[in-house]
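Numbering (the working numbering), first residue to last: 240 to 539.
All residues carry an ideal CB built from backbone N, CA and C; glycine is no exception.
Just so it is clear, the structure is predicted and the values come from calculations on it, not from any experiment.
Beneath this line is the structure, given in structure tokens, with notes to follow.
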Amino acid sequence: MLAERIGSLGAMKDTESAEVSFGGMRELPERPVSPDPWRFALFTLLGAALLAAVGPMLADRLSFGRTQVGKVEKDFGVEALGSVPVLTNFPRREPMLADEDDARLASLTSVFHEIREKLSDGDSRPRVVIITSAMPGEGKTVAAANLGISFAASGLRTLLVDSDVQRGRLHRLFGYRPAPGLADLLSGNETLETAIRATPYENLCVLNAGNAPASGSDPLAAKAFASTLAQLRESFDLLILDAPPVLGLTATALLAPHADATIVVASSGQVPPGAVRAALESLRGSGAKVRGFILNRAVT
240 MLAERIGSLG AMKDTESAEV SFGGMRELPE RPVSPDPWRF ALFTLLGAAL LAAVGPMLAD
300 RLSFGRTQVG KVEKDFGVEA LGSVPVLTNF PRREPMLADE DDARLASLTS VFHEIREKLS
360 DGDSRPRVVI ITSAMPGEGK TVAAANLGIS FAASGLRTLL VDSDVQRGRL HRLFGYRPAP
420 GLADLLSGNE TLETAIRATP YENLCVLNAG NAPASGSDPL AAKAFASTLA QLRESFDLLI
480 LDAPPVLGLT ATALLAPHAD ATIVVASSGQ VPPGAVRAAL ESLRGSGAKV RGFILNRAVT
């Protein structure tokens, strides 16, 4: 009767039909499907174990970011040469290079002038300075460039050398290509005149990383590096070597005997203090003359 009634109303015209059958009543479970107390307890225990393992590492990083410079000096056993502040009003896409005429960079310029004065204080000023860090991404390349700008502003003929021939980034700060550079110079494919480039800053030149050797060998281990460094000493008053990170690499250890001072850049809140200590121990073990550290991205 219902089918006849629906048919008389025309409700099924121009539509597809389907057969429906009754499958019987389903019984509802007596216990709820979710939440499962045993599964919930298991996930809680796993989360607590993970937090217990990762928590101390996170706390270590955060404590390093809040640590006062004096305490860091005591813990590391080296002098704090300066604290580079976080520049919140400066676009990240622009190279953060010191500029006397840019008010946004006034604090940055001042810090590196102070670092320059500390390095120049005493009986002798270093002729070759290594700038390195424990791990990548701590700001050592920018620190090396700004220190070079500061020394050049004081009248010293300064050369920035990108000695990280595998992953050098110094050329990007000045808008150059990576080659020609140090690797090409050591391989004999370039000369000092063709490899060294001027910068917009008076008294400041740059020697980029160059083309890394396809063989994977480290050109810094070659005898040509010592003779090239001797030539550069004759042409410039100061050499600043932007070296690779210390941990996991041997390149910085190869550079250490050639330098008068080594400076470690440590990024506040990013690198664990244990990594910085390990880097300092590695440098000292290779004979490096560790002069001090620069605390980068310091939050006031």
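- In this structure the stretch 398–412 touches the stretch 474–487; the number of beta carbon pairs closer than 8 Å is three or more.
- Using a Cβ-Cβ distance cut-off of 8 Å, the stretch 436–453 and the stretch 348–362 are not in contact, since fewer than three pairs of beta carbons, one from each stretch, lie closer than that value.
- Put simply, the backbone Cα of L488 is about 14 Å away from that of E520.
- Counting along the chain, R472 sits inside no beta strand (DSSP E); it lies in the alpha helix (DSSP H) bounded by residues K462 to S474.
- Within the same chain, and ignoring the five residues on either side of E339 in sequence, the residues whose Cβ sits closer than 7 Å to its Cβ are T348.
- Taking A373 as the centre and dropping the five residues before and after it, the same chain places the C-beta of V485, L486, V510, A514, V515 and A518 closer than 6 Å to its C-beta, in chain order.
- In terms of CA proximity to R536, K379 leads the group L284, K379, I435 and N447.
- Approximately 11 Å separates the beta-carbon atoms of A500 and L522; this is outside 8 Å, ruling out the contact.
- Partner residues in the beta bridge of T397, as assigned by DSSP, are L443 and L477.
- In this structure, the CA atom of A463 is about 16 Å from the CA atom of D401.
- Your pair L399 and A422 does not check out as a contact, with CB atoms roughly 15 Å apart and the cut at 8 Å.
- Nearest to A469 by alpha-carbon distance, out of L431, G449, L386 and P452, is L431.
- Straight-line measurement puts the Cα of L477 at about 9 Å from the Cα of L471.
- The criterion of a C-beta distance shorter than 7 Å is satisfied by G321 and V350.
- At a Cβ-Cβ threshold of 7 Å, N385 and A337 count as neighbours.
- In terms of Cβ geometry, T438 and F413 form a close pair [threshold 7 Å].
- When rounded, the separation of the alpha-carbon atoms in L241 and S260 is 16 Å.
- G449 places its beta carbon less than 7 Å from that of G420.
- In this structure, F475 is the residue among V538, S346, F475 and P417 with its C-alpha nearest to the C-alpha of V368.
- Distance from the CA of E429 to the CA of V538, rounded to the nearest whole angstrom, comes to 43 Å.
- Nearest Cα to F315 within the set I370, G526, V503 and L358: V503.
- Judged by their CB atoms, A498 and F532 are not nearer to each other than the 7 Å cut-off.
- Here F390 is actually not in contact with R436; their C-beta atoms are around 17 Å apart, not less than 8 Å.
- For T501, DSSP records a beta bridge to I369 and V529.
- Residue pairing for N535: DSSP places it in a beta bridge opposite S506.
- The alpha-carbon separation between R530 and R366 amounts to approximately 13 Å.
- Annotation: the continuous alpha helix (DSSP H) that includes V381 extends over K379 to A392.
- By alpha-carbon distance to Y415, the top candidate from K313, A345 and P334 is P334.
- Under the three-state reduction of DSSP, G321 is assigned to strand.
- Relative to the Cα of A342, the nearest Cα in the group L326, P375 and D403 belongs to L326.
- Contact check for T371 against T491 passes: the beta carbons are separated by less than 7 Å.
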